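Undergrad: Got a structure here, written out as structure tokens. Questions coming.
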Amino acid sequence: MYRQRPPSHGQPAVRSTRGLPALTATCLLLLLAACGGGGGDSASSDNTPAPAVPPVTTAPVTTTPVTTDPVTPPVAADPQVGALAAALRTGNSKDLTLATAQAAMLSELQSVMTAYAAVRQTIYGLNADGSANANSVGAIEWQPYRFSAVFNFLDQSRNHAFLTSNWSFADNTPSAGKVLGVAGVAPETGARYVAIGANPLSSPGNAAMDSVMRNTIIWLTGRGNLDKLKIVTAHLPGDQSGGANEEPRVRSWLANHIQGVTINGVATTAATVGKDTKDDTCDGDKLDACLKSADLLILGRKQGPNVSGPDNFPAAYNADTVMNAVLAAQARGIPVMYLHQTEINNGLSARLMDYFGLDLTTNYWTYDGLKNLAPASQPVAPANLSDWMKLMQRVEKPSSLTTDWSGCVEDVSRLYCERYGNRPGDAALINEFTGPGQKLRDQLRALDTKGVAIFSQPGYGLEKRLVVLGDKYREQVSYPMTRLANREAFFQAYFSDFTAYINRPTNAVARNLGNFSALFPSSTPTISRLVSTTSQETGSREHMTGLYVMPGRTVTLQRTDTGTQSVTVGLNMLRDSTRVYQTYDRPTLLGSPRVPLLPGKTVTLTSPFGGPMYLFVAAASGAPAVTVQVDGVITHPVLRNPNDAAQVATFKAELASTPTNWVGISTDFLTVHATVPSIKKTLSSYGDSLPNLASDIWTYMIKDTYELAGFNAANPETFKLTPTVSAYCKAQGWDCTGPQHRRESMQHAIFDNYSLCGGACAGNPFDKGGSLDPLGWGETHEIGHNLQRGHLNIYGGQSTEVSNNIFPLHKLMSYNKNAAPAKPLIHKGHLPTALGMMKAALATDDPVNAMKTALWGDTGYAANSEPRLEFYRQMVEFNRHYHGDVFSDGWELYTLLYLLDRNFVLAKSNWANNAASLGFGTYATYPDNIGGNDFLLVGMSRIIGRDMRPVFDMWGITYTQAAIDQVVAYKLPAAERLMFPMASMQQYGAGIGAPIQVNAQTVYPAGY
């Protein structure tokens, strides 16, 4: 039921509806669309009242005599009025029509933009059309202090930006318009507030900025004449608060700009300010009494008396007490001007941000402010809302979208229609649809991530309508579809993905979910389960719960432990890998926001897509337990111990019967997330032996890879260094077992219909379009990307698809050595190609640069990746050739280089004592900008025991004088220009031929 609000202080009374003509059903619907439904939803017609006008007196009510004339039946109420009200109150849009949802969305947008224009007109003194007049505020100058903040809107309906920056004082350049000041209206009471990211009353700008602040007070109070205004100032830093002096400066500004002002109960003038007024007289538990007869509260974030502390404002006052006084004042219509101090939140400001529907971020780095800002140059309507208005209209009629897809490009099997790398994308699509759509998505996901249950609290009128409109489109979605075959279905489905929202008790689900998941019968029984895990001492834990959320089904969670560490819950670890512009055969944006779980608080979620549930647990000292009670879910197959026969049997049984499409295998260092078909294919290749599969995952995907990179552990059964590496570290005085050489993070691997890019795509998680193969090249190639270090790359980005391949290459060699398979794993060699380039370069006047151009010059994706990899492979053989007495097979080179690099980075803070032992003694200061060419020349020369410049020259790898000086200081014999023939790169022992000298006449030997 729509509740009439009491008139707010200084504002027109709400007009009574008694004595007015009956409203038609259509008018009621439009009114409701503009003003919000019941349940405390924001009423946009009241969100930002126009400048104050005299109160309206309602006409007296007259009584109509009863007659016997026939009575005209009243117009039946439109059921959509109630349906809209219910949808905005509960989030359940099942009884709402699409047309009503569309109308409600457009009406709310228009109302918010109209309200914004009214704020702008009042504060800047502009004409109704937004233009300036003789009495308008002039060019504004204001440089806030650096320790200030800027705002992001969580609730777009109630908040309006009226101070947006145009200048960055950090580098004295124009800025992109960050929000420094916000004017808003509380959704339940209609009380006004302003939030500013610094204090322009304490650190004022020019006279125009003073006019802005005076007009802001006029807007807040609804009073054209501010004489004898009664103001309360509270929780502003005073003259003892770390030298801030904000409260006395604010009082001084007020006394100089408002005739006969009363501050904290004391009549104050410019002559008396400071003599009879004191700091802190209305702080803490005194605030509520001070506000009893106030016209305006000016509030800061100070939480303690005037003493210094870690942020100058230690918590001594109870933030709840202060906030309760603020809420009580707002309920009585008393407006609030909040002036933020510093660039971060504390307990009081965080509560205020929640109340205002705002979020704040630091202004320290960009130091945004106002420089010669002409008020009339500000947008007549907020740019994002104007874009959303156009987006809504285009989604309603997708034929109005003008894209012809001509800007789309294909790269490694994926079609990109948005910005990708240095490609601009399809301009029409971006400008008309995905640009504003992604901003809309970011707005909603930010709310979801903060755990805001928008449908169970007042405000968020725009956001509620966006979600409800997306629901109505989603109800019609049926995958697969394509952008070309059904333009309307395509864009409306994509819009519904943008507006998916999970902090709610109900959700709309597509008619089918394509190849992501089947739908579940409503009769599917759910379970309750207490999920237990622990924090880690360092790093975070991503816990696969084994629970599955069905699409559209309500789930409740309650954290039952008493820990203080952050715990969040999310569904699906998938990246946005749906190939939406090729065959849109499942929803996009399947990975949900991560919702905070606070001890003792119940969270209610639904997902339009469903998926596996994960807990994300922050580090905590002592690794305390985390327990979460979960209700309303089903399970999906998860194997945690492949050597436990009972667990294996259970996993196989669940795999054969699960109605879900997702399974997991959880190990200590790798978690596998896979579709049911993909894991079945993997198991089939292993003869259905989960222990054998798990053994290869551990031995070859994890242990072999991490040990090659020099990671080790306190428990030598996990990761350890070879004896030859340990001996070398000891001889050089290197720390090769310290915490910098631990690998404690969990690597996640997803095996799905698609990867984010190409056939597989690096990251954590990395994803692969297909099934898991622990011995496959791609799996370890992607993990190798996560281990790459800049100092081990030749020519920087030219090694992006190269230096990581030492890991899958070593894996193949290790498997062939250890397993002695009948059919060894092979990775083809490309030495003849490299030799051909070298010989051609030797025939030029500048062989080094000719070889550089031939081998390394192409900057395209994976260009010459195989012959470039041959450089890395050959260095192993140089190490074996020259140092076979020290190293077993030469691969120790890369383990030592990884160890060296981690120590090198750590040594920056104590360079003088570490440079010589690390082999960089000629570098007087830490070489911050040393490139991979120099680092590898120095490191390889030191480890191999030869001056490697002739070999680097042969491969077209240049280096600087600083590296030359260091290598010369070693006084090592020069390495020969050799090549070690091998038919395939994973060869070892007898598979590697005798070295050959490289010159213009060299012939590559047969058989290799």
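Quick note on numbering: full-length UniProt numbering labels position 391 of the sequence shown as 391, and the sequence is numbered without any gaps. Where is the CB? At the ideal position from N, CA and C, for every residue including glycine. Please read these numbers as outputs of a predicted model, since none were measured by experiment.
Applying the criterion that 16 or more other CB atoms from any shown protein chain within 10 Å of the CB defines a buried residue, is alanine 412 buried or exposed?
TA: Looking up residue 412 in the sequence shown gives position 412. Note that residue 412 is valine in the sequence shown, not alanine. Answer is exposed; the Cβ neighbour count stays below 16.
Undergrad: I need the boundaries of the beta strand (DSSP E) containing proline 867, first residue and last residue.
TA: Indexing the sequence shown from 1 puts residue 867 at position 867. Run containing proline 867: none in the beta strand (DSSP E); it sits in the alpha helix (DSSP H), 865-883.
Undergrad: Please state if the CB of isoleucine 826 and the CB of residue 1010 are separated by a distance shorter than 8 Å.
TA: Because the chain is modelled from 1 through 1008, residue 1010 falls outside the range shown and cannot be assessed.
Undergrad: Can you have a look at lysine 371 and say buried or exposed, based on whether 16 or more other CB atoms are within 10 angstroms of its CB?
TA: Locating residue 371 in the sequence shown gives position 371, where the first residue counts as 1. It counts as buried.
Undergrad: Please report how far the alpha carbon of arginine 214 lies from the alpha carbon of arginine 249, in whole angstroms.
TA: Counting from one through the sequence shown, the residue named residue 214 turns up at place 214. Counting from one through the sequence shown, the residue named residue 249 turns up at place 249. Looking at the two C-alpha atoms, the distance is approximately 15 Å.
Undergrad: Do glycine 778 and lysine 768 count as a contact pair if the criterion is CB distance below 8 Å?
TA: As a position in the sequence shown, residue 768 is number 768, starting the count at 1. As a position in the sequence shown, residue 778 is number 778, starting the count at 1. Going by C-beta atoms, lysine 768 is nearer than 8 Å to glycine 778.
Undergrad: When the distance is taken between beta carbons, is serine 799 closer than 8 Å to arginine 868?
TA: Taking the sequence shown and counting its residues from 1, the one referred to as residue 868 is at position 868. Taking the sequence shown and counting its residues from 1, the one referred to as residue 799 is at position 799. The answer is yes: Cβ separation under 8 Å.
Undergrad: Compute the beta-carbon to beta-carbon distance between phenylalanine 807 and glutamine 874, rounded to the nearest angstrom, for a pair I have assumed lies under 8 Å.
TA: Reading the sequence shown from its first residue, position 807 is the one you call residue 807. Reading the sequence shown from its first residue, position 874 is the one you call residue 874. Not confirmed; about 17 Å, so no contact.
Undergrad: What does a CB cutoff of less than 7 Å around alanine 427 pick up in its chain, not counting 5 residues either side in sequence?
TA: Here residue 427 is taken as the residue at index 427 of the sequence shown, counted from 1. Correct list, in chain order: Gly407.
Undergrad: Nearest by alpha-carbon distance to asparagine 712: which of Asn661, Ala649, Arg902, Ala822 is it?
TA: In the sequence shown, residue 712 corresponds to position 712, counting from 1. Ranking Asn661, Ala649, Arg902, Ala822 by Cα distance to asparagine 712 puts Arg902 first.
Undergrad: Please say whether lysine 230 and threonine 262 have beta carbons closer to each other than 8 Å?
TA: By one-based count along the sequence shown, residue 262 stands at place 262. By one-based count along the sequence shown, residue 230 stands at place 230. Yes, Cβ-Cβ distance for threonine 262 and lysine 230 is below 8 Å.
Undergrad: Starting from the Cα of tryptophan 698, find the closest Cα among Gly758, Thr780, Leu655, Thr724 and give me that residue.
TA: Working through the sequence shown from its first residue, we reach residue 698 at position 698. Checking every option, the nearest Cα to that of tryptophan 698 belongs to Thr780.
Undergrad: Can you say whether threonine 682 is buried or exposed, counting buried as having 16 or more other CB atoms within 10 angstroms of its CB?
TA: Stepping through the sequence shown from its first residue, residue 682 is reached at position 682. Result: buried.
Undergrad: Compare the Cα-Cα distances from isoleucine 217 to each of Ala186, Lys178, Ile258, Gly190 and report the closest residue.
TA: One-based indexing of the sequence shown puts residue 217 at position 217. That would be Ile258, whose Cα lies nearest to the Cα of isoleucine 217.
Undergrad: For valine 307, is the classification buried or exposed, using 16 other Cβ atoms within 10 angstroms of its Cβ as the cut-off for buried?
TA: Translated into the one-based positions of the sequence shown, residue 307 becomes position 307. In this prediction, valine 307 scores a pLDDT of 42, lower than 50, which makes its location untrustworthy; the coordinate-derived value is nonetheless stated afterwards. Exposed, because fewer than 16 other Cβ atoms sit within 10 Å of the Cβ of valine 307.
Undergrad: Using a 10 Å radius around the Cβ and a threshold of 16 neighbouring Cβ atoms, would you call glycine 1007 buried or exposed?
TA: Stepping through the sequence shown from its first residue, residue 1007 is reached at position 1007. Glycine 1007 should be labelled exposed.
Undergrad: So aspartate 576 and threonine 588 are in contact, right, with Cβ under 8 Å, and what is the actual spacing, rounded?
TA: Along the sequence shown, read from residue 1 onward, the residue named residue 576 stands at position 576. Along the sequence shown, read from residue 1 onward, the residue named residue 588 stands at position 588. Contact flag correct, Cβ pair sits at about 6 Å.
Undergrad: With distances taken between CB atoms, is the gap from alanine 104 to leucine 84 smaller than 8 Å?
TA: As a position in the sequence shown, residue 104 is number 104, starting the count at 1. As a position in the sequence shown, residue 84 is number 84, starting the count at 1. Yes, the pair counts as a contact, with Cβ atoms nearer than the cut-off.
Undergrad: Looking only at C-alpha atoms, which of Ala975, Gly829, Leu978, Gly919 sits nearest to tyrosine 988?
TA: Within the sequence shown, residue 988 is the residue found at index 988, counting from 1. Closest option to tyrosine 988, Cα to Cα, is Gly829.
Undergrad: What are the partner residues of glutamine 629, as DSSP defines its beta bridges?
TA: Here residue 629 corresponds to residue number 629 of the sequence shown, with the count starting at 1. Answer by DSSP bridge pairing, in chain order: Leu530, Gln558.
Undergrad: Please list the segments of the alpha helix (DSSP H) lying wholly inside the segment 371-402, counting only runs of 4 or more residues, in order along the chain.
TA: Runs of the alpha helix (DSSP H) inside the segment 371-402: 383-396.
Undergrad: Please state the DSSP three-state secondary structure of phenylalanine 520.
TA: Residue 520 sits at position 520 when you count from the first residue of the sequence shown. Phenylalanine 520 falls in the coil class under three-state DSSP.
Undergrad: According to the Cβ coordinates, are leucine 348 and glutamine 303 closer than 8 Å?
TA: Residue 348 sits at position 348 when you count from the first residue of the sequence shown. Residue 303 sits at position 303 when you count from the first residue of the sequence shown. A contact, by the Cβ cut-off of 8 Å.
Undergrad: Can you tell me which of Thr122, Thr499, Asn515 puts its alpha carbon nearest to the alpha carbon of alanine 508?
TA: Here the question's residue 508 lines up with position 508 in the sequence shown. With distances taken between Cα atoms, alanine 508 lies closest to Thr499.
Undergrad: What residues are listed by DSSP as bridge partners for serine 478?
TA: Residue 478 sits at position 478 when you count from the first residue of the sequence shown. Paired residue(s): Asn512.
Undergrad: On a CA-only basis, which of Asn199, His340, Val380, Asn345 is nearest aspartate 129? Give me that one, please.
TA: Numbered from its first residue, the sequence shown carries residue 129 at position 129. Measuring from the Cα of aspartate 129, the nearest candidate turns out to be Val380.
Undergrad: For a minimum of 4 consecutive residues, which ranges assigned as the alpha helix (DSSP H) are wholly contained in the segment 668-696?
TA: The segment 668-696 contains these whole alpha helix (DSSP H) runs: 676-685, 690-696.
Undergrad: What runs of the alpha helix (DSSP H), each 4 residues or longer, lie entirely inside the segment 902-979?
TA: Segments of the alpha helix (DSSP H) lying fully in the segment 902-979: 911-918, 932-944, 949-954, 961-970.
Undergrad: Within the continuous beta strand (DSSP E) that includes asparagine 753, where are the two ends?
TA: On the sequence shown, position 753 is the one that residue 753 refers to. Here asparagine 753 belongs to no beta strand (DSSP E), and DSSP marks it neither H nor E.
Undergrad: Helix, strand or coil: how does DSSP classify phenylalanine 433 here?
TA: Position 433 of the sequence shown, counting from 1, holds the residue named residue 433. Looking at phenylalanine 433 - three-state DSSP - the assignment turns out to be helix.
Undergrad: Between the Cα of proline 599 and those of Leu574, Arg559, Gly570, spot the shortest distance and give me the residue it belongs to.
TA: Residue numbering aside, residue 599 sits at position 599 when the sequence shown is read from its first letter. The option with the nearest alpha carbon to proline 599 is Arg559.
Undergrad: If you run the structure through DSSP and keep just helix, strand and coil, what is valine 71?
TA: Position 71 of the sequence shown, counted from the first residue, corresponds to residue 71. Residue confidence for valine 71 is low, a pLDDT of 46 falling below 50, so the modelled location carries little weight and cannot support an answer.
Undergrad: From this set, Ala331, Val322, Ser399, which residue's C-alpha is nearest alanine 350's C-alpha?
TA: Within the sequence shown, residue 350 is the residue found at index 350, counting from 1. Ranking Ala331, Val322, Ser399 by Cα distance to alanine 350 puts Val322 first.
Undergrad: Report the start-end ranges of each beta strand (DSSP E) in the segment 92-178 that is 3 residues or longer and not cut off at the edges.
TA: Runs of the beta strand (DSSP E) inside the segment 92-178: 140-142, 149-153, 159-164.
Undergrad: In three-state DSSP terms, what is arginine 251?
TA: By 1-based counting over the sequence shown, the position of residue 251 is 251. Helix at arginine 251.
Undergrad: Note down the Cα distance separating alanine 990 from asparagine 818, rounded to an integer number of angstroms.
TA: Residue numbering aside, residue 990 sits at position 990 when the sequence shown is read from its first letter. Residue numbering aside, residue 818 sits at position 818 when the sequence shown is read from its first letter. Roughly 16 Å between the two C-alpha positions.
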